[in-house]
Amino acid sequence: VVFHYRTSCCDGKVLDDSRIMGAHSKPMELILGKKFKLAVWERVVITMRPGEVSEFTCDTKHTALYPLVSQSLRNISAGKDPPGRAEALLWHCTDPFSSLSWAQGPG
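Its first residue numbered 1, the sequence shown is counted upward by one per residue in UniProt numbering.
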């Protein structure tokens, strides 16, 4: 699955946006069924149709590993980390929920 994403806290603070992240601004490529660190991403992305833009809100218990993934995705986007290494460090959001938005597709 290839998609752009934007993650934010419920207060609207944007954490990451794949369209403007780093020098490369490439969409996320996720191979389903390979136990990606954020299982919630796999669960929600498969509910979407090609070209659909959706917003999902989930409890932070489902995003505990987001800091790990986020740091690696930022490094990959900046050309600092080899692709395939989506593990790194932890982040905490004080909101009880985090919002994840995706725009599926290559553009």
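We put the CB at the ideal spot given by N, CA and C, even for glycine.
If you're wondering where the values come from, they're calculated on a predicted model, not measured in any experiment.
DSSP three-state label for residue i, please.
{"i": "THR60", "result": "helix"}
{"i": "LEU15", "result": "strand"}
{"i": "LEU2", "result": "According to the sequence provided, residue 2 is Val. The question's Leu does not apply to it. Strand, per DSSP."}
{"i": "GLU29", "result": "strand"}
{"i": "GLU52", "result": "coil"}
For residue i, report the span of its alpha helix (DSSP H) as first-last.
{"i": "residue 162", "result": "Here the chain has residues from 1 to 107 only, and residue 162 is not among them."}
{"i": "ALA78", "result": "Where ALA78 is concerned, there is no enclosing alpha helix (DSSP H), given that its DSSP letter is neither H nor E."}
Judging by CA-CA distance, which residue of the options is the nearest neighbour of residue i?
{"i": "LEU30", "options": "LEU73, THR63 and VAL1", "result": "VAL1"}
{"i": "CYS10", "options": "PRO27, CYS58 and GLY51", "result": "CYS58"}
{"i": "LYS26", "options": "ARG6, LYS35, PHE36 and LYS37", "result": "ARG6"}
{"i": "residue 137", "options": "VAL45, ALA64, LEU68 and TYR66", "result": "It is not possible to answer for residue 137, since the shown part of the chain is limited to 1 through 107."}
{"i": "THR63", "options": "ARG74, VAL53 and PHE36", "result": "PHE36"}
{"i": "LEU32", "options": "GLU52, PHE3, VAL53 and THR60", "result": "PHE3"}
Segment contact flag, the stretch 65–80 with the stretch 14–25, C-beta cutoff 8 Å, min 3 pairs: The stretch 65–80 makes contact with the stretch 14–25: 3 or more CB pairs, one atom from each, lie closer than 8 Å.
Any 3 or more C-beta pairs closer than 8 Å across the stretch 41–54 and the stretch 9–16: By the criterion of at least three beta-carbon pairs nearer than 8 Å, the stretch 41–54 is not in contact with the stretch 9–16.
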